[in-house]
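In the working numbering, the protein residues as written are 2 to 653. Even for Gly, the Cβ is constructed at its ideal location relative to N, Cα and C. Before any comments, here is the structure.
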Amino acid sequence: TGIGGVIRDPLGTGLGAKPIINTDIFCFGPTDIAHKDLPRGILHPKRVMQGVVAGVRDYGNRMGIPTSNGAIYFDERYLGNPLVFCGNVGIMPNSMIEKTVVSGDYIVVVGGRTGRDGIHGATASSGELHAESEATWSGAVQIGNPIVEKKLVDTLMQARDLGLYRAITDCGAGGLSSAIGELAKTTGAEVDLEKPPLKYHGLTYMEIWISEAQERMVIFVPPQKLDQALKLFADEDVEATVIGKTTDDGKIRLKYHQTIVGELDMEFLHEGLPRIRRKAVWRAPDIQESVFIQPDDLTAILHRILAAPNVCSKEWVIRQYDHEVQAGSSLKPLVGVSNDGPGDACITRPRLDSHRAVVLANGLNPKYGLIDPYWMAASAIDEALRNIVAVGGRIERTALLDNFCWGNLDKPDRFGELMRAAQACYDMAKVFETPFISGKDSLNNEYLTEEGQSIAIPPTLLISAIAIMDDVRCAVSMDFKRTGNLIYVVGVTQNEMGGSHYYELLGHRSAHVPRVNAETAADIFRKLAAAIAHGLVRSCHDCSEGGIGAAVAEMSFAGGFGAEIHLSSAPRAADVKRSDILLFSESNSRFIVEVEPKNREAFEKSLPQTAFAVLGTVNGDDQLIIHGINDELLVQENILALKESWQKTLRW
């Protein structure tokens, strides 16, 4: 239902956008947890993950829409409340952007039939879960049918191009009540609740009105176009039924077999709720900085970081999705010589007669939010934009989306966290000049145990980024391309180990979460994107989870080349005095870049007043060799061994 519902959102935007790309980002509990350690009423995360992946696969593939971008994040605090973020991109002509709502149009429901499935779906998803939730709310889960929606999408595109309706929206949360209530806000509407086609007998008029059954859209059809519209839907075997008309009295009026069963002023319905006032408090956590000596075997640490669930290959999931359908996929989720390296973003050409393309990426790191939600949000934005830039996109052509998933906002500390994250979104968007064009929130994500303890998910903010690339031929992937090429690091490494995978593996803590200097970051992003556009870059990969160490390792085994780098040349803050910190810090706004020797001078001239350095070279052997600040040997390992560590964790 996640992917099916989000496909209908672009379909209900303007006069309807053709769905062209799906995205999926999941947050689960740890899949290696023992069954005996699960609270009662909770399914094992592995079972949840397998079911969620199957749902996105079966719906997306059957719809003929590529699922080309995503991420998976694991944390024990998602045991009771796993998160499923599904996204969709649509494309429409400029002339189809505006809806027109006028009195006297017919209200037509098209697509699937109405059933009891999905009643109170929005209510269930907004409430605190507990051991009995499965039994209590199982009927709130909608039952999807992608074949019905596929026919619906194709037919609506025909109806749109023929001008057969003036307005359209989807039946999402609240079903017909929200669809008609929102679309007819400026006019009013009269609805006959006995007319919507039902899956089975026995529904009350209230159930018909609020059911969230899937695959349904509402269109407003001019009287002179009604017969043509109904014939088109009938010819395409898509059910279409007139259930009412728009009015001019500003009221929503519900009838059931000629009896008025509901009536409200539209103004009251939309503006009558008083504004809610809540208390918000945020206090920085008291974290004692860990003090420890650098481990002797950083090769083993690198293996463990690459094998960490939040870093490792998600190939088991990605391979189940069709990302080739519609033929526009230019840069895939998996890249490299064997098509199994971790791509930074996906690139898709919506029109095959043009080199213009859409770039999609995302940023997510809830661990930062446990230290400071402000910098978590800023880091997620920086990561999403880094991923756009790493493949050749420009932030000047980029827009953002936010998805907030939080705990109970009646609790001042939870609300304080959200306000701090929202402030960061505002601050970063202003500096990067990247508008937020859409978003969503899901609140009250808490699980009440039988002992009465409320377990909240970590503050979670997913940032998605979408950009227009003028020429897809300028795109680059993250895998090393040729022996002898230079390896650069762009950006400064800070002593910011809070929330890092390195500290998590060692059981250490730090309050210094990665921060974002947005002005500096924006300057780096613009200059690096220009260098890529001018053909000066062979490959590029952002530094994120696992820092420089993980980034260089991934580029090596994705391309099938070894590499030798020297951290002594890397730009770093004055307090970065240890090689392990420099190797595994997850500071923002950094990239590893591969440049041919012949382009060295031009590339360096393209980055004036920017911190960068040559770290080393791409080698023809199968070894990754990393030297430390004092040129000591830190890591020497076969790239295939590193790749095996990266791939084996989720090789189900």
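Per DSSP, what kind of secondary structure is H356 in: helix, strand or coil?
coil
May I have the straight-line CA-CA distance separating V57 from I4, to the nearest angstrom?
6 Å
Grouping DSSP H, G and I as helix and E and B as strand, with all else coil, what is P83?
Note: P83 maps to coil in three-state DSSP.
Who does M470 pair with in a DSSP beta bridge?
A358
K232: buried (16+ other C-beta within 10 angstroms of its C-beta) or exposed?
exposed
To the nearest angstrom, how far is the alpha carbon of E645 from that of G563?
15 Å
Does the separation of the CB atoms of A457 and R78 fall below 9 Å?
yes
Whole-angstrom distance between W653 and W317, CA atom to CA atom
7 Å
Taking the Cβ atom as the reference point for each residue, do I43 and Y448 lie within a distance shorter than 9 Å?
yes
How is N600 classed by DSSP in three states: helix, strand or coil?
helix
Any contact between the segment 460–474 and the segment 380–399? By contact I mean 3 or more CB pairs, one from each, below 8 Å.
yes
For the segment 477–484 and the segment 340–357, state whether three or more C-beta atom pairs, one from each stretch, are separated by less than 8 Å.
yes
R573 and T494 closer than 9 Å at C-beta
yes
Touching by the beta-carbon criterion (3+ pairs, under 8 Å), the segment 524–537 and the segment 276–284:
no
Evaluate F293 with the Cβ neighbour count: other Cβ atoms within 10 Å of its Cβ, from every protein chain shown; 16 or more gives buried, anything less gives exposed.
exposed
Do you know whose CA, among H45, M470, D118, A72, lies nearest N82's CA?
H45
Go to F437, then tell me how far its alpha helix (DSSP H) extends in each direction, as first and last residue.
Run containing F437: none in the alpha helix (DSSP H); it sits in the beta strand (DSSP E), 437–443.
Going by DSSP, which residues form a beta bridge with F592?
V491, D543
In whole angstroms, give me the CA-to-CA distance for R41 and F27.
22 Å
Excluding the 5 residues preceding and the 5 following S569 in the sequence, name in chain order all residues of the same chain whose CB lies nearer than 8 Å to its CB.
H628, G629, I630, N631, D632
Please identify the residue among Q259, I92, L506 whose C-alpha is closest to the C-alpha of D10.
I92
What's the gap between the Cα of H202 and the Cα of D171?
24 Å
According to the Cβ coordinates, are L227 and V243 closer than 9 Å?
yes
Below 8 Å on the Cβ atoms is my contact criterion, and I expect V596 with Y489 to pass it. Report the Cβ-Cβ distance as a whole number of Å.
6 Å
What's the C-alpha gap between Y375 and Y369?
9 Å
Assuming contact is defined by CB atoms lying nearer than 9 Å, are S580 and L643 in contact in what I supplied?
Contact flag unset, no.
Using the Cα positions of D411 and T115, report the straight-line distance between them to the nearest angstrom.
34 Å
Thinking F433 and D403 are a contact (beta carbons under 8 Å), I'd like their distance in whole angstroms, please.
About 14 Å; that fails the 8 Å criterion.
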